[in-house]
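Numbering (the UniProt record's numbering), first residue to last: 1 to 149.
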Amino acid sequence: MSPQKRSIVILIADDDAEDRMLVKDALEECHLSNKMHFVENGEELLDYLHNRGKYTDKIAHPAPGIILLDLNMPKKDGREALKEIKADEKLRIIPIVVLTTSKAEEDIMRTYNLGVSSFVTKPVTFAALVDTMATLSKYWFEIVELPRP
């Protein structure tokens, strides 16, 4: 395991508690030891990234090296949050992987136009999710050189 692989914090933005648990379990099944933090909507995501509200402690809530983003969330959906993140000079460098149930061509085109790094449709079975997370983790944590947060 490379030192970079160990140090990258994963921030997962998803409003569905079961989906958050499944993604966490799938990443752990892949023997990924990265720290994971979770937010439940786009407002919390932006608060976390800007260290506002309950996320002011930068040690407890470190800058992520990558964001897994669901599109359909309450308060501020993933599309709106993505637009704000990519418009922010300090945040735009963070790779964002959309992980959603949407297969809509409009969502795919819009998120890539907004600067998303990858668009992945959530698999239906846990085994397929583990396979997807294994592929994502190999690519993002072993192959790609990521900027330091």
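Beta carbons: idealized from backbone N, C-alpha and C, even for Gly.
Per DSSP, cross-strand counterpart(s) of residue i
i: residue 154; result: What is shown of the chain runs 1 to 149, which leaves residue 154 out entirely.
Expected contact under 8 Å - CB spacing of residue i and residue j to nearest Å
i: residue 69; j: residue 99; result: 7 Å
i: residue 78; j: residue 8; result: Rounded, the Cβ-Cβ distance is 20 Å, inconsistent with contact.
i: residue 122; j: residue 101; result: 5 Å
i: residue 107; j: residue 71; result: 6 Å
CA nearest to the CA of residue i, picked from the options
i: residue 46; options: 87, 31, 59 and 20; result: 87
i: residue 18; options: 38, 10 and 145; result: 38
i: residue 119; options: 50, 133, 52 and 126; result: 133
i: residue 41; options: 141, 82, 105 and 35; result: 82
i: residue 142; options: 13, 32 and 20; result: 32
i: residue 147; options: 58, 61, 96 and 59; result: 96
i: residue 129; options: 13, 109, 63 and 20; result: 20
i: residue 111; options: 85, 131, 34 and 44; result: 85
i: residue 36; options: 105, 13 and 144; result: 13
Cβ-heavy atom distance, residue i to the ligand NAD, below 8 Å
i: residue 148; result: Although the ligand NAD was asked about, the structure shown includes no ligands whatsoever.
Going residue by residue through the UniProt domain "Response regulatory" (9-137), where are the continuous alpha helix (DSSP H) segments of at least 4 residues, counting only ones entirely within it? 17-29, 42-49, 78-87 and 105-114
With a cut-off of 8 Å, do at least 3 Cβ pairs link the stretch 81-95 to the stretch 106-115? yes
Spell out a yes or no on whether the stretch 25-41 and the stretch 132-139 are touching, meaning 3 or more CB-CB pairs, one atom from each, closer than 8 Å. Yes, the stretch 25-41 is in contact with the stretch 132-139.
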